[in-house]
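Structure first, commentary second.
In structure tokens form, the structure reads like this:
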């Protein structure tokens, strides 16, 4: 299996966004990545990690866990400074990228260009959405996954699967109507095994989470409990 | 000497911005970085490289050459996705960062926050400017270096030191008046030893360049010729 | 008929974007607006104008022609400086707004919020798109019109209806599949009656144009010839 | 005295930012503007208003009070959609513009271009700053006024002149050192005559305020009390 291969990714999937947390950066990020890798190996549940861009190349050189960039820019390789291209993400060994996270919203034309460029570079795309109409629009652009995250629940510990199940089911319906090939995962407030169980029961293919794992006292234990609950 | 230490940086300095060029990304970027390191070792002239963010950690883990990020965001570690913090840059092993490149302009309040945050993280700042009044404003914010680059000359091969020497000397004067501790380097169109010689003669502490080296047939030869001409 | 009423708008429609052209600003903009109004009165073909925001209130106070804002921000009335709200557009007497013009691209979540807020404020939305997949995504958000404009043709005088008819027909198909209630108009390079005729023949409900009229020696004559050709 | 003439502006000055408040938009904005004009006439203290852009032309056509835009874009007249040019602001009858408000931050190069373009169009500039180092940088760009507003106090009713007097005095010193021709005003939390008195005592040339007047039950009474306290 090639380094950074999309074939490593199956569902259900748990994607851990390291964000810009100190716990997910540099040495600490490496420890967290290793813990995630162990849970993946142990349970067989696909776990992806999205570390800060500065760490992608280094983590990919020593780990096998699927790595996602947190963001990608809609530019081709060339005279651009401070931009993250599909080629740089792929070249560093990642398998895909988050797009349009609520903390890094993208313009619509750029999302379309990113999805297309990522596909050409053989990268998976996890396109973030905030409500059912936006999920429809996202589906029309053909990403691999849509991650539905109501921004007001991010970081609260209140799971979207409990607080706003209709946002998830509504998004799944919207997406199916427009483009049934796109899978839906959900995020915001996910921190326990029962949250992920509920998410899967609502019809999602997994979850996107961050602080629930990254800021946990024992991230490996939390992630293990989640992965166990994600199993069919 | 610690990894990623500012003490590696002296003047004159040549900073090579790898931009988002394929030649500066992934495996190709590693080769380019090694070539730059050899020239630095051979000549003793400080050469810094600014690779894509995705490669910073990996390059820093195997090379000694001073590495700069191409961009930094004005946020503290925390709940931010797709942002590059001072801590991530430092943690990945870089010594500093470019800021406000003409291809990644920053808002004024963010530049001030970045300069301050970089200082706290012991990172050097190379703040890009486009004309003498902007250079004055930059100087007031106290970066380590100001890189004056008329945007219209970037990538043209027409050296700013020849085409617009008054922009360089005007910027140096403006900067001295406001903050004499800040050093000025220049960029845009630099591709030969004589360009860097002219830049130093005009009073700069070095150059910031990109395509002149990155897109050269033999980057190492070009860089070597430049470094020889940069010597006092 | 109320001031700024949507009921003034029927199809085929010709929307003239005054952009930031001097010819469309202040006194000159007023003259242009009056010329457009005369053509509308004379031909019965709906002509909308999109002047600079600073002129909307004044033009609406003395003219009857349907006025569109060039841009709207996705914020509710409140503590926002330099933003254009739906309420400000409506309050100034306009009937609708352009959204996501290639010169003012919006983030996807903001487009969705703008379309919804405009609807609540009884404003029409003309959502700009650049290619068929983006048109699909736009359709999912439910604007009144989608204006398909390949950015590379804007201002060239090469009509999209001739140069890239498949972009128009492809967009129309994409839009119908996702949301048949949305009408499609097209722009870029439209400057003659035959261009608009071709656009309507391809299935559009009209055109969005700018320099072809605004920078014309005799804008009224050009617009009149267009309106005559737009008639069924 | 010409319409929209800078000669109407003297110090001390009170600038009322209508923001995107409903109370400052459309018909309500017109009433507020008239109240401000009466206070100006009655007291002789310069009062400027910064209404939503959509209302500038209409207000300027029927009132004499100095009007400022809330924002300006750094583009020349031409093919730009949804941008506010110096020419549009001037043409609509305003005397100047706010720049870089904390709710509409600008990139440094754009601020410099805006200040220069505004000067060419004979418009005054009120450049917003958030702390002393940024005030220094602002001063280097040569605006007419710098408005120092700690963002964390905006809309709180806690006057900056009381909570953080050192931010004001520090900014005044920073500005004098770099460019003594620039006048400093202050904002954030200003809602009473004593606040403006304190601001002037600290060395400012006036205040920039918003909710304290716009959201007041009786804006005219509040503004009158302020103007009386601003008198030498």
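Protein chains in written order, with our numbering: chain C, 2 to 233; chain B, 2 to 233; chain R, 2 to 233; chain W, 2 to 233. No residue lacks a Cβ here, since even glycine has one placed at the ideal position from N, Cα and C.
{"Query": "So which residues on chain W does residue 21 of chain R lean against when the C-beta distance must stay under 9 Å?", "Result": "74, 76, 77, 78, 79, 80, 81, 82, 83, 84, 85, 86, 88, 89"}
{"Query": "Applying the criterion that 16 or more other CB atoms from any shown protein chain within 10 Å of the CB defines a buried residue, is residue 182 of chain W buried or exposed?", "Result": "exposed"}
{"Query": "Counting only beta-carbon separations shorter than 7 Å, does residue 59 of chain R have a partner in chain W?", "Result": "yes"}
{"Query": "On the three-pair Cβ rule with 8 Å, is the region 214–226 of chain B touching the region 168–187 of chain B?", "Result": "no"}
{"Query": "For chain R, is any of its Cβ atoms less than 7 Å away from the one on residue 141 of chain C?", "Result": "yes"}
{"Query": "Whose C-beta lies closer than 8 Å to the C-beta of residue 137 of chain R among residues of the same chain, with five residues either side of it excluded?", "Result": "175, 176, 178, 179"}
{"Query": "When the cut-off is 7 Å and only beta carbons count, does residue 227 of chain R lie next to chain C?", "Result": "no"}
{"Query": "Hey, residue 20 of chain R and residue 200 of chain R: beta-carbon distance below 7 Å or not?", "Result": "no"}
{"Query": "Determine which residues share a DSSP beta bridge with residue 187 of chain W and list them.", "Result": "W/149, W/208"}
{"Query": "Could you check how far apart the C-beta atoms of residue 144 of chain C and residue 116 of chain C are, in whole angstroms? I think they sit under 8 Å.", "Result": "5 Å"}
{"Query": "With a threshold of 7 Å between beta carbons, is residue 52 of chain W in contact with chain R?", "Result": "no"}
{"Query": "Could you confirm whether any beta carbon from chain C is found closer than 7 Å to the beta carbon of residue 71 of chain B?", "Result": "yes"}
{"Query": "With a threshold of 7 Å between beta-carbons, can residue 157 of chain B be considered close to chain C, or not?", "Result": "no"}
{"Query": "Against chain B, with Cβ distances strictly below 7 Å, would residue 205 of chain C count as a contact?", "Result": "no"}
{"Query": "Considering only the alpha carbon of each residue, which of R/158, R/170, R/142, R/159 lies closest to residue 149 of chain R?", "Result": "R/170"}
{"Query": "Kindly indicate if chain B contains any beta-carbon less than 7 Å away from that of residue 38 of chain C.", "Result": "no"}
{"Query": "Expressed to the nearest angstrom, what Euclidean distance is found between the alpha-carbon atoms of residue 28 of chain R and residue 220 of chain R?", "Result": "15 Å"}
{"Query": "When you check each C-beta in the region 104–118 of chain W against every C-beta of chain B, which residues fall closer than 7 Å?", "Result": "106, 107, 108, 109, 110, 112, 113"}
{"Query": "Does the separation of the CB atoms of residue 89 of chain B and residue 12 of chain C fall below 7 Å?", "Result": "no"}
{"Query": "The alpha helix (DSSP H) that contains residue 64 of chain C, what's its start and end?", "Result": "First-last for residue 64 of chain C: undefined, no H or E at that position."}
{"Query": "With a cut-off of 8 Å, do at least 3 Cβ pairs link the region 39–56 of chain C to the region 34–48 of chain B?", "Result": "no"}
{"Query": "Assess, as a yes-or-no matter, whether the region 120–129 of chain B is touched by the region 85–103 of chain B under the definition of 3 or more beta carbon pairs within less than 8 Å.", "Result": "yes"}
{"Query": "Give the secondary structure of residue 155 of chain R by DSSP, where H, G and I count as helix, E and B as strand, and everything else as coil.", "Result": "coil"}
{"Query": "Can you tell me the Cα-Cα spacing of residue 34 of chain R and residue 50 of chain R, whole angstroms?", "Result": "7 Å"}
{"Query": "In terms of residue numbering, what span does the alpha helix (DSSP H) encompassing residue 37 of chain B cover?", "Result": "27–44"}
{"Query": "Name the residue from B/207, B/206, B/194, B/91 whose alpha carbon lies nearest to the alpha carbon of residue 229 of chain B.", "Result": "B/194"}
{"Query": "For a cutoff of 7 Å on Cβ pairs, would you count residue 2 of chain B as touching chain W?", "Result": "Any reading at residue 2 of chain B needs caution, since the residue's pLDDT is 36, under 50, leaving its predicted position unreliable; the model's value is listed next. False, the Cβ-Cβ gap to chain W never drops below 7 Å."}
{"Query": "If we ignore side chains and look at the alpha-carbon of each, how far apart do residue 6 of chain B and residue 187 of chain B end up?", "Result": "23 Å"}
{"Query": "Counting only C-beta atoms, is residue 189 of chain W closer than 7 Å to chain B at any point?", "Result": "no"}
{"Query": "From the DSSP secondary-structure annotation, give me the bridge partner or partners of residue 69 of chain C.", "Result": "C/97"}
{"Query": "Looking at the C-beta of residue 137 of chain R, does it have a partner C-beta in chain C at a distance below 7 Å?", "Result": "yes"}
{"Query": "Going by CA-CA distance only, name the one from B/233, B/232, B/226 that's closest to residue 37 of chain B.", "Result": "B/226"}
{"Query": "Does any residue of chain B bring its CB to less than 7 Å from the CB of residue 45 of chain C?", "Result": "no"}
{"Query": "What does a CB cutoff of less than 6 Å around residue 105 of chain B pick up in its chain, not counting 5 residues either side in sequence?", "Result": "72"}
{"Query": "In chain R, which residues lie less than 9 Å from residue 134 of chain C when you measure between Cβ atoms?", "Result": "113, 116, 117, 141, 142, 143"}
{"Query": "Closest Cβ-Cβ distance between residue 15 of chain C and chain B: below 7 Å?", "Result": "no"}
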